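Peer 1:
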Amino acid sequence: MIKIDVKNGEVAIRLVGGVSQQSRRIMATALTETAWIAQRTLRDDMKRVFDRPTRYALNSLSVLKARSSTLTAKVYFRDAWDKGVPAAKFMGPEVFGGQRSHKRGENQLIRAGKMPAGRFIHPGKEADMDEHGNMDTGQIIKIISALKAFGEVGYLANRNKKNRSQGKRKDELYFAIGGAGAHLRPGVYRRTGGPGKKGGMPRGIEPVMAFVRAPTYAPRLPMAATVEGVVVREFPDQFRRALERAAARGR
């Protein structure tokens with residue numbers, strides 16, 4: 001009997017019940033091959049469900065091979081990266097629903113006192129967007145640097161000689177509004193110069209970031225159901241193939 005377990009952003013395909021020692025290696029091979037098929041199926045679903053998913057997100061979906069000692073294969077979102085937000089954190093709300101955690105740039109703004117702790121970044125009307133529909137990382141870094149949210153070392157490291165020679169005028173290109181009571185909504189704005197108003201917004205000020213309440217996500221990627229469907233459809237054939245390969249090696 002095969003059991004599907006879901007926990008902490010991973011789906012385990014587990015064989016339960018008595019299995020002879022001779023059959024355990026064959027079963028482990030079949031479970032692993034089925035998990036690889038489930039991974040490919042989920043990646044195709046991600047491309048269909050999400051708007052231009054990044055390669056980082058697609059490649060984060062991984063497989064843990066089954067061993068004859070455990071008879072468990074896993075399909076999961078990798079949570080250990082050298083940099084950036086672990087995929088298990090930002091994909092979790094998409095799979096299970098709920099609220100996402102703060103990203104690195106958001107945490108930097110919160111620690112610097114530029115954004116309230118309960119708020120999240122949302123692209124403003126004049127934000128630069130990348131090919132995946134997300135706010136451009138370069139602009140986020142530029143904003144955090146201008147607001148000195150990196151801390152002194154990180155801030156100085158992100159200014160080149162030309163920027164340093166321009167002094168404070170360059171640093172004041174962006175400014176943050178953190179709370180209520182201001183004429184502008186909470187967020188980050190860019191100064192462009194010029195008096196008067198345009199469309200209700202003071203002329204010469206462009207909204208590039210909004211500080212919004214925690215976004216709540218509905219489940220969009222039925223990971224467990226997809227893996228279960230793949231197991232029902234593919235495992236018998238994968239077991240047959242593994243059995244045939246084992247028999248051929250024994251001849």
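Note that UniProt numbering has the sequence shown beginning at 1, numbered continuously upward.
The C-beta atom is built at its ideal place from N, Cα and C for all residues, glycine as well.
Everything numeric in this text was worked out from a predicted model, so none of it was measured.
(1) What is the DSSP secondary structure of VAL11, reduced to helix, strand or coil?
(2) What do you reckon, are the CB atoms on ARG104 and PRO186 nearer than 8 Å?
(3) How far does the beta strand (DSSP E) with VAL212 in it extend, from its first residue to its last?
(4) Here's a check: name, in chain order, each residue in its chain whose Cβ is nearer than 7 Å to the Cβ of VAL95, leaving out the five neighbours to either side.
(5) Comparing alpha-carbon positions, which option in TYR189, SER68, ALA247 lies nearest PRO123?
(6) What number of angstroms, rounded off, separates the C-alpha of LYS3 from the C-alpha of GLU234?
(7) Among the candidates SER60, GLY179, ALA242, whose CA atom is the shortest distance from the CA of LYS114?
(8) Could you compute how far the alpha carbon of THR32 sits from the alpha carbon of LEU64?
(9) Using C-beta distances below 6 Å, list every residue in its chain close to PHE211, excluding the 5 sequence neighbours before and after it, in chain order.
(10) Using a Cβ-Cβ cutoff of less than 7 Å, which residues in the same chain neighbour ILE140 once the five nearest sequence positions on both sides are dropped?
(11) How big is the Cα-Cα spacing for VAL227 and ALA38?
(12) Please look up how many angstroms separate the CB atoms of THR41 and ILE13, rounded, as I've assumed it's under 8 Å.
(13) By DSSP's criteria, ARG119 is part of a beta bridge. Which residues make up the other side?
(14) Alpha carbons only, please: which of THR54, SER69, THR192 is nearest the one belonging to THR19?
(15) According to DSSP, ALA73 sits in a beta bridge with which residue or residues?
(16) So, with DSSP's three-state summary, where would you put MET1?
(17) DSSP has LEU100 in a bridge; who is on the other side?
(18) Compare the Cα-Cα distances from VAL6 to each of THR72, ASN134, GLN99 and report the closest residue.
(19) My guess is that ARG78 and SER60 are in contact by the Cβ rule of under 8 Å, so how many angstroms apart are they, rounded?
Peer 2: So, from the listed chains and residues:
(1) Here residue 11 corresponds to residue number 11 of the sequence shown, with the count starting at 1. The answer is strand: DSSP assigns VAL11 an E or B state.
(2) Counting from 1 along the sequence shown, the entry for residue 104 is found at position 104. Counting from 1 along the sequence shown, the entry for residue 186 is found at position 186. Going by C-beta atoms, ARG104 is not nearer than 8 Å to PRO186.
(3) For the purposes of this step, residue 212 is taken as residue 212 along the sequence shown, with counting starting at 1. In the DSSP annotation of this structure, the continuous segment of the beta strand (DSSP E) that includes VAL212 starts and ends at 205 to 213.
(4) Along the sequence shown, one-based indexing puts residue 95 at 95. GLY9, PRO219, LEU221, MET223.
(5) Along the sequence shown, read from residue 1 onward, the residue named residue 123 stands at position 123. In terms of Cα proximity to PRO123, the closest of TYR189, SER68, ALA247 is TYR189.
(6) What you label residue 3 is simply residue 3 of the sequence shown in a count that begins at 1. What you label residue 234 is simply residue 234 of the sequence shown in a count that begins at 1. Near 15 Å, if we compare the C-alpha coordinates of GLU234 and LYS3.
(7) Translated into the one-based positions of the sequence shown, residue 114 becomes position 114. Considering only SER60, GLY179, ALA242, the residue with the shortest C-alpha distance to LYS114 is GLY179.
(8) By 1-based counting over the sequence shown, the position of residue 32 is 32. By 1-based counting over the sequence shown, the position of residue 64 is 64. Cα-Cα distance, rounded: 8 Å.
(9) Indexing the sequence shown from 1 puts residue 211 at position 211. Annotation for PHE211: MET115, ARG119, PRO186, GLY187 place their beta carbon closer than 6 Å to its own, counting only its chain and skipping 5 residues before and after.
(10) Reading the sequence shown from its first residue, position 140 is the one you call residue 140. Answer for ILE140: GLY105, listed in chain order.
(11) The residue given as residue 227 occupies position 227 in the sequence shown. The residue given as residue 38 occupies position 38 in the sequence shown. Roughly 5 Å separates the two Cα atoms.
(12) As a first step, residue 41 is located in the sequence shown; it is residue number 41 there, counting from the start. As a first step, residue 13 is located in the sequence shown; it is residue number 13 there, counting from the start. With 8 Å as the limit, THR41 and ILE13 do not qualify as a contact, their Cβ atoms being about 13 Å apart.
(13) In the sequence shown, the residue the question calls residue 119 occupies position 119. Per DSSP, ARG213.
(14) Within the sequence shown, the letter at position 19 stands for residue 19. It is Val, not Thr, that sits at residue 19 in the sequence shown. When C-alpha distances from VAL19 are compared across THR54, SER69, THR192, the shortest belongs to SER69.
(15) As a first step, residue 73 is located in the sequence shown; it is residue number 73 there, counting from the start. Answer is ILE13.
(16) Taking the first residue of the sequence shown as position 1, residue 1 is located at position 1. Coil.
(17) As a working note, residue 100 is residue 100 in the sequence shown. Note that residue 100 is Arg in the sequence shown, not Leu. Beta-bridge pairing links ARG100 to no other residue.
(18) In the sequence shown, residue 6 corresponds to position 6, counting from 1. Out of THR72, ASN134, GLN99, THR72 has the C-alpha closest to the C-alpha of VAL6.
(19) Indexing the sequence shown from 1 puts residue 78 at position 78. Indexing the sequence shown from 1 puts residue 60 at position 60. So it is a contact: roughly 5 Å between Cβ atoms.
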